[in-house]
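Okay, so here's the structure we're looking at.
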Ligand SMILES: [Zn+2]
């Protein structure tokens, strides 16, 4: 396992992508690993969950902090939300 190895999403097994947090975010890491698979079960479940609990048309994607190993949700209000912050490719 090297730093360059791309982790796989634990929900859908897709390769995760490097994502640049906004400057005013609370994430301290230079980047987060984010699953941008639209078929990810975590992302798909999120729409129903947010509608039921928040009455919001939104969801969230699975993230992994490379510095701390902590996983968490990244709020997404559409399928394309946050994709402009993907690094590289
Ligand atoms: Zn996934």
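Numbering (our numbering), first residue to last: 638 to 726. Ideal Cβ positions, reconstructed from N, Cα and C, are used throughout, including at glycine.
Cβ neighbour criterion (16 or more within 10 Å) applied to residue i
i	result
residue 707	exposed
residue 700	buried
residue 712	exposed
residue 719	buried
residue 696	buried
Whole-angstrom C-beta distance between residue j and residue i, which should lie under 8 Å
i	j	result
residue 815	residue 657	Residue 815 is absent from the model: the chain starts at 638 and stops at 726.
Simplified DSSP state of residue i, which is helix, strand or coil
i	result
residue 690	helix
residue 721	helix
residue 716	coil
residue 696	strand
residue 648	coil
Residue range of the beta strand (DSSP E) that includes residue i
i	result
residue 713	708-713
residue 655	654-656
residue 670	669-671
### Query
What is the chain-ordered set of residues for which the beta carbon lies under 6 Å from any non-hydrogen atom of ligand 1?
In chain order, the hits are 646, 648, 649, 651, 672, 674, 677, 679 and 699.
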